[in-house]
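Numbering (my numbering), first residue to last: 187 to 275.
The structure appears below as structure tokens.
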């Protein structure tokens, strides 16, 4: 099988599109499957890397067990969502 080729920028755009289309969190595999329906598993590392870059830039929350985590703490099962803004008015 050949390895799918997608740039980190294209993957970041797909992540932002998907989290922007819902109020809920998404699974990183949804992004990979959206880019490569048949051969999505090889993309998972790149999806996680892109998510880490977006999180570091403040454009994405990475969740583990429902709580936001730092990109460096990304291990195991994670979910992605739009950053939550806290309003205390």
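Glycine is no exception: its CB is placed at the ideal position from the N, C-alpha and C atoms.
All of these numbers come straight from a predicted model, not from anything done at the bench.
For residue 235, three-class secondary structure by DSSP | Locating residue 235 in the chain shown gives position 49, where the first residue counts as 1. DSSP places residue 235 in helix when its eight states are reduced to three.
Residue 234: buried (16+ other C-beta within 10 angstroms of its C-beta) or exposed?
-> By one-based count along the chain shown, residue 234 stands at place 48. Residue 234 is classed as buried because its beta carbon has at least 16 other beta carbons within 10 Å across all chains shown.
Between residue 237 and residue 250, is the Cβ-Cβ spacing less than 9 Å?
-> The residue given as residue 237 occupies position 51 in the chain shown. The residue given as residue 250 occupies position 64 in the chain shown. Judged by their CB atoms, residue 237 and residue 250 are not nearer to each other than the 9 Å cut-off.
When you compare only the Cα positions, how much space is there between residue 187 and residue 244?
-> On the chain shown, position 1 is the one that residue 187 refers to. On the chain shown, position 58 is the one that residue 244 refers to. Its pLDDT being 46, under 50, residue 187 is placed unreliably in this model, and the value from its coordinates should be taken loosely. The straight-line gap from Cα to Cα measures roughly 35 Å.
Examine the Cβ distances between the region 263 to 271 and the region 188 to 205 and report whether three or more of them are shorter than 8 Å.
-> Contact between the region 263 to 271 and the region 188 to 205 is established, with three or more Cβ pairs separated by less than 8 Å.
What span of residues does the beta strand (DSSP E) with residue 201 cover, start to end?
-> Working through the chain shown from its first residue, we reach residue 201 at position 15. Counting along the chain, residue 201 falls outside any beta strand (DSSP E), though it belongs to the alpha helix (DSSP H) covering 194 to 206.
Taking the CB atoms as reference points, tell me whether residue 232 and residue 197 lie closer together than 9 Å.
-> Along the chain shown, read from residue 1 onward, the residue named residue 232 stands at position 46. Along the chain shown, read from residue 1 onward, the residue named residue 197 stands at position 11. Yes; because the gap between Cβ atoms is below 9 Å, this pair is in contact.
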